[in-house]
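K.L.:
17 is the number of the first residue of the sequence shown in my numbering; add one for each residue after it.
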Amino acid sequence: MDVQCHNVTASMVFVDSDFPESLEDILRDVRECILPGLTHWQSPNFFAYYHANASTAGFLGEMLCSGFNVVGFNWIASPAATELESVVLDWTGKMLKLPSSFLFSGTGGSVLLGSTCAAVICTMAAARDKALENLGGGGSIAKLVVYASDQTHFTIQKASKLIGIPPSNFHSLTTSFSTEFSLSPESVRAAIEDDNVLVSKLNAVEVA
């Protein structure tokens, strides 16, 4: 099948809910209209965006989650689900050898989120609030700067914008093979020092 824009739109026919299609017809539509136009993220031959992450354990866990369909936004809503989340996250933290300040069993804790984007936004919003608190609570968000590598996923830039950081304050730093294409402390320190010099010059011009 030659995948073109609007293939699915053109091939799916509206069906009156009073006269629904049979399951056989629905599955045929899945095979003929949906599957040919899917990007098969879980294929071992797919190398874009993120690598395949499906597993037998994940599949079984997903079946249980879908079956229970728990809404666990707090302990009262679902005590066991909330406590299970904290137990599993502590397991993860210990496997990553995080300090106890990151664990529920210590003085911290964490939360499961539905996507990488949500996790990045949550993390950056917390960092933003902490930075503004360090500025005395009255600091302008326009003073905050985000430093990221030129290999960083666009999610970081999008999250910066969503939490109110001006796009001009997102600085992409060049990486190289020598740093395994990751940020080095030296490059970040140099970028911060250069920005501080630039701000000092701008303030001097304003005063003059």
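Every residue, glycine too, gets a C-beta built ideally from N, C-alpha and C.
#1: Excluding sequence positions up to five away, which residues of its chain have a Cβ less than 7 Å from the Cβ of Ser-117?
#2: If we count the other Cβ atoms within 10 Å of its Cβ and call it buried at 16 or more, is Gly-77 buried or exposed?
#3: Measuring straight from C-alpha to C-alpha, what distance separates Arg-44 and Leu-128?
#4: Would you identify the three-state DSSP class for Phe-170, choosing helix, strand or coil?
#5: Report the rounded CA-to-CA distance for Lys-159 versus Cys-133, giving the unit in angstroms.
#6: Considering Phe-186, what are the terminal residues of the beta strand (DSSP E) in which it resides?
#7: What does Val-162 pair with, by DSSP beta-bridge criteria?
#8: Under 8 Å: do the segment 191 to 198 and the segment 161 to 174 share three or more Cβ pairs, one atom per stretch?
#9: Mapping DSSP to helix, strand and coil, what is Glu-222?
#10: Threshold first: 4 residues or longer. Then list the alpha helix (DSSP H) segments lying entirely within the segment 67 to 152, N to C.
#11: In whole angstroms, give me the CA-to-CA distance for Tyr-65 and Pro-115.
#12: Determine the DSSP secondary structure at Cys-49, reduced to helix, strand or coil.
#13: Look at Asn-185 and Ser-176 and say whether their C-beta atoms are less than 9 Å apart.
#14: Note down, in chain order, each residue of its chain lying with its Cβ closer than 7 Å to the Cβ of Phe-35, except the 5 sequence neighbours on either side.
#15: Express the C-alpha separation of Thr-55 and Val-24 in angstroms, rounding to a whole number.
#16: Less than 7 Å between C-beta atoms, sequence neighbours within five positions excluded: which residues of the same chain meet that for Val-19?
#17: When you compare only the Cα positions, how much space is there between Gly-88 and Thr-98?
#18: Between Leu-119 and the rest of its own chain, which residues show a CB-CB distance below 6 Å, the 5 nearest in sequence each way excluded?
#19: Note down, in chain order, each residue of its chain lying with its Cβ closer than 8 Å to the Cβ of Leu-178, except the 5 sequence neighbours on either side.
#20: Along the chain, where does the alpha helix (DSSP H) containing Ser-27 start, and where does it finish?
P.N.:
Straight from the coordinates:
#1: Taking the first residue of the sequence shown as 1, we reach residue 117 at position 101. Taken in chain order, the residues that qualify are Thr-123 and Gly-124.
#2: By one-based count along the sequence shown, residue 77 stands at place 61. So Gly-77 ends up on the exposed side.
#3: Here residue 44 is taken as the residue at index 28 of the sequence shown, counted from 1. Here residue 128 is taken as the residue at index 112 of the sequence shown, counted from 1. Cα to Cα, the separation comes out at about 36 Å.
#4: Start at 1 with the first residue of the sequence shown, and residue 170 comes out as number 154. It is helical.
#5: Mapped onto the sequence shown, residue 159 falls at position 143. Mapped onto the sequence shown, residue 133 falls at position 117. Spanning the two alpha carbons is a distance of roughly 24 Å.
#6: To locate residue 186, count along the sequence shown from 1; it is residue 170. Here the beta strand (DSSP E) through Phe-186 covers 186 to 189.
#7: Translated into the one-based positions of the sequence shown, residue 162 becomes position 146. Answer is Phe-186, bridged to Val-162.
#8: yes
#9: For the purposes of this step, residue 222 is taken as the residue at position 206 of the sequence shown. With a pLDDT of only 45 at Glu-222, under 50, the local geometry of the prediction cannot be trusted, and the value read off the model is given with reservation. Residue state for Glu-222 is assigned as helix, using DSSP reduced to three classes.
#10: 72 to 84, 95 to 111 and 132 to 150
#11: Mapped onto the sequence shown, residue 65 falls at position 49. Mapped onto the sequence shown, residue 115 falls at position 99. Each residue's Cα considered, the two are about 31 Å apart.
#12: Along the sequence shown, read from residue 1 onward, the residue named residue 49 stands at position 33. Here Cys-49 sits in helix by DSSP.
#13: The sequence position of residue 185 within the sequence shown is 169, counting from 1. The sequence position of residue 176 within the sequence shown is 160, counting from 1. In this structure, Asn-185 lies near Ser-176, with their beta-carbon atoms less than 9 Å apart.
#14: To locate residue 35, count along the sequence shown from 1; it is residue 19. Nothing meets the Cβ criterion.
#15: Looking up residue 24 in the sequence shown gives position 8. Looking up residue 55 in the sequence shown gives position 39. Per the coordinates, the alpha-carbon of Val-24 lies some 14 Å from the alpha-carbon of Thr-55.
#16: Taking the first residue of the sequence shown as 1, we reach residue 19 at position 3. Closer than 7 Å at the Cβ level, and outside the excluded window around Val-19, lie Pro-52 and Gly-53.
#17: Here residue 88 corresponds to residue number 72 of the sequence shown, with the count starting at 1. Here residue 98 corresponds to residue number 82 of the sequence shown, with the count starting at 1. Those two C-alpha atoms are separated by around 6 Å.
#18: As a first step, residue 119 must be located in the sequence shown, where it is residue number 103. So the list reads Asp-106 and Gly-109, once near-sequence residues are dropped.
#19: Along the sequence shown, read from residue 1 onward, the residue named residue 178 stands at position 162. Closer than 8 Å at Cβ, skipping near neighbours: Ile-137.
#20: Locating residue 27 in the sequence shown gives position 11, where the first residue counts as 1. Segment 23 to 27, the alpha helix (DSSP H) holding Ser-27.
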